[in-house]
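S.K.: The opening residue of the sequence shown carries number 0 in numbering that gives the first Met the number 0; numbering runs sequentially from there. Have a look at the structure that comes next, please.
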Amino acid sequence: MRQSQTQTASRKDPSLSASPALPHCAFLETAQVSSWLKTHHANPLAIVSFGSHVPDTFPCPVMHLDLPELAGPSRLEVWSTTDQIKTYRDEGFSASASGHVLFGTVTLIEQPGQPIETVTERAYRQLFSSLQDLSFPHLWRIWNYFPDINGFADGLERYQGFCLGRHRALADMLPGFPHSLPAGTAVGTRSGPLQIYFMAGTLPATHLGNPRQVHAYEYPQDYGPRSPSFARATLSRSEAHSQLYIAGTASVVGHTSQHVGLPRKQTLETIQNLKVLLPHAEDAAHRHFSGPQSEALYKVYVRDAAHLSDVREALRSFPLSSNQVLFLQGALCRKELLVEIEGLITSD
Ligand code: 3EB
């Protein structure tokens, strides 16, 4: 099966025939993981847990996030590859590398009295020096989680402090900043340290904006002293497929939050943002992301568990099977945002 897909794709674009497999992501119950990996001849790159137990027999980075699952059986986000894996570990850092892709985690505990911007800047500087050391200089996708995201300290909302520290490190260390910024997610956990996981490549990926939205890195200063450093989506490709990493997408049009207090309408506005992004990404990739053969996974972050039924109701216009979507309870970076959706689509 894999073999025949490869051949089809090589005919389409022979210049890419030497590139390796893209990482695969699946939402799996803990008890399914080992047999799933065996059947797919895959090795785990990283596992993200939202409260489920993860046996320590997995050799890859494992990140536990305090983001309660709101529906269905508890599942893990399992990233894997059919390539061989090499793992790395350092204080607060772990990663696994396969072929052209590095998947890693950075975890930093906030010390009492230390501002979130200082912790964030340090985490991003550590991340960048690891990318340089391991020779995966191109960031493809990044996820950021920390508690009390809407809390205030030293006159700044903690999310704004986070943006400030992230901006300091990235503006200094990321070549091509801000156009080389990858798709991002930033969500508030119930508890825990600053937790970051990321995918990086030996080759650059393509970063996209959303035609309905201002680039987050060009937001006006009303939202904080430094703008959020992320792209709306990132494209990477192998010989056979393209992958579209969709950043956390919310009810933001232009740069303004829409439908304050209305979870159903915010969800519909978010879906509208996704519907505009998809054809834009298809044009850029020359691949289909909305066809019947493409595979899509979404994480839906809901601020208030009481809004889950409204959110699910609105999502009926965007049909997804239960193995394609995780509903997680998390706080979002503007107080008025009630729902945010991120995605990963592999083209047909
Ligand atoms: C927004 O559009 C919503 O700071 O990394 C979404 C995804 C949001 C990522 C980030 C913020 C981030 O501005 C918030």
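Just so it is clear, CB atoms sit at the ideal spot from N, CA and C, and this is done for glycine as well. The model shown is predicted, which means the values in this text are computed figures rather than measured ones.
May I have the straight-line CA-CA distance separating Ser-48 from Leu-331, to the nearest angstrom?
M.R.: Computed Cα separation, rounded: 19 Å.
S.K.: For Gln-101, which three-state DSSP category applies?
M.R.: Note that residue 101 is Leu in the sequence shown here, rather than Gln. The answer is strand: DSSP assigns Leu-101 an E or B state.
S.K.: Within 6 Å: the Cβ of Thr-184 and any heavy atom of the ligand 3EB?
M.R.: Yes.
S.K.: Can you tell me which of Phe-145, Asp-153 and Ile-245 puts its alpha carbon nearest to the alpha carbon of Pro-181?
M.R.: Nearest of Phe-145, Asp-153 and Ile-245 to Pro-181, Cα basis: Ile-245.
S.K.: Excluding the 5 residues flanking Cys-162 on each side, which residues of the same chain have their C-beta closer than 6 Å to its C-beta?
M.R.: Once the five neighbours on either side are set aside, the close Cβ partners of Cys-162 are Gly-223, Arg-225 and Pro-227.
S.K.: Contact between the segment 50-66 and the segment 88-102 is defined here as three or more beta-carbon pairs at a separation below 8 Å; is this criterion met?
M.R.: Cβ pair count under 8 Å is three or more, so yes.
S.K.: Between Pro-262 and the ligand 3EB, is there a pair consisting of the residue's CB and a ligand heavy atom that are separated by less than 6 Å?
M.R.: Checking every heavy atom of the ligand 3EB against the Cβ of Pro-262, none is found closer than 6 Å.
S.K.: Taking only heavy atoms of the ligand 3EB into account, decide whether any of them is closer than 6 Å to the Cβ of Phe-229.
M.R.: Phe-229: yes, Cβ under 6 Å from the ligand 3EB.
S.K.: Given a cut-off of 7 Å, decide if Trp-142 and Met-198 are closer than it, judged by their beta-carbon atoms.
M.R.: Result no, Cβ atoms of Met-198 and Trp-142 do not sit closer than 7 Å.
S.K.: Excluding the 5 residues flanking Thr-81 on each side, which residues of the same chain have their C-beta closer than 6 Å to its C-beta?
M.R.: Excluding residues within five positions, the ones whose Cβ falls inside 6 Å are Ala-20, His-40 and Ala-41.
S.K.: With Leu-243 and Phe-288 assumed to form a contact (beta carbons below 8 Å), what rounded beta-carbon distance in angstroms separates them?
M.R.: Yes, they are in contact, since the Cβ atoms of Leu-243 and Phe-288 sit about 5 Å apart, within 8 Å.
S.K.: Tell me the rounded alpha-carbon separation between Gln-6 and Ala-239.
M.R.: No answer about Gln-6 holds up, because its pLDDT of 26 lies below 50 and its placement is not dependable.
S.K.: Would you call Leu-273 buried or exposed, if buried means 16 or more other Cβ atoms sit within 10 Å of its Cβ?
M.R.: That one is buried.
S.K.: Take Leu-106 and list the residues in its own chain whose beta-carbon comes closer than 6 Å to its own, dropping the five residues that flank it on each side.
M.R.: Note that residue 106 is Thr in the sequence shown, not Leu. Closer than 6 Å at Cβ, skipping near neighbours: Gly-91, Pro-192 and Gln-194.
S.K.: Check Thr-56 in the structure and name its three-state DSSP category.
M.R.: Three-state DSSP puts Thr-56 in coil, outside helix and strand.
S.K.: Which residue from Cys-24, Leu-66, Glu-335 and Ala-215 puts its Cα closest to that of Val-259?
M.R.: Of the listed residues, the one whose Cα sits closest to Val-259 is Glu-335.
S.K.: Could you tell me which of Ser-235, Ser-241, Asn-209 and Ser-237 sits nearest to Phe-229, measuring between CA atoms?
M.R.: Checked all of Ser-235, Ser-241, Asn-209 and Ser-237; the closest Cα to Phe-229 is Asn-209.
S.K.: Identify, in the order they occur along the chain, each residue of the same chain with its Cβ nearer than 8 Å to the Cβ of Ser-51, setting aside the five sequence neighbours on each side.
M.R.: Within the same chain, Ser-51 has close Cβ partners Glu-28, Thr-29, Ser-73, Arg-74 and Leu-75.
S.K.: Which residue comes first and which comes last in the beta strand (DSSP E) that contains Asn-376?
M.R.: This structure cannot settle anything about residue 376, because the visible part of the chain is limited to 0 through 347.
S.K.: Just to confirm, are Leu-207 and Arg-236 a CB contact at a threshold of 7 Å?
M.R.: No, the Cβ-Cβ distance between Leu-207 and Arg-236 is not below 7 Å.
S.K.: Which whole-angstrom value describes the C-beta separation of Tyr-300 and Val-186, a residue pair presumed to lie in contact below a C-beta threshold of 8 Å?
M.R.: Right, the Cβ-Cβ distance comes to about 5 Å (below 8 Å), so this counts as a contact.
S.K.: Going along the chain, which residues of its own chain have a beta-carbon closer than 6 Å to the beta-carbon of Ser-321, five neighbours each way excluded?
M.R.: Excluding positions up to five away in sequence, the list reads Gly-71.
S.K.: Using a 10 Å radius around the Cβ and a threshold of 16 neighbouring Cβ atoms, would you call Ala-170 buried or exposed?
M.R.: By the 10 Å Cβ count, Ala-170 comes out exposed.
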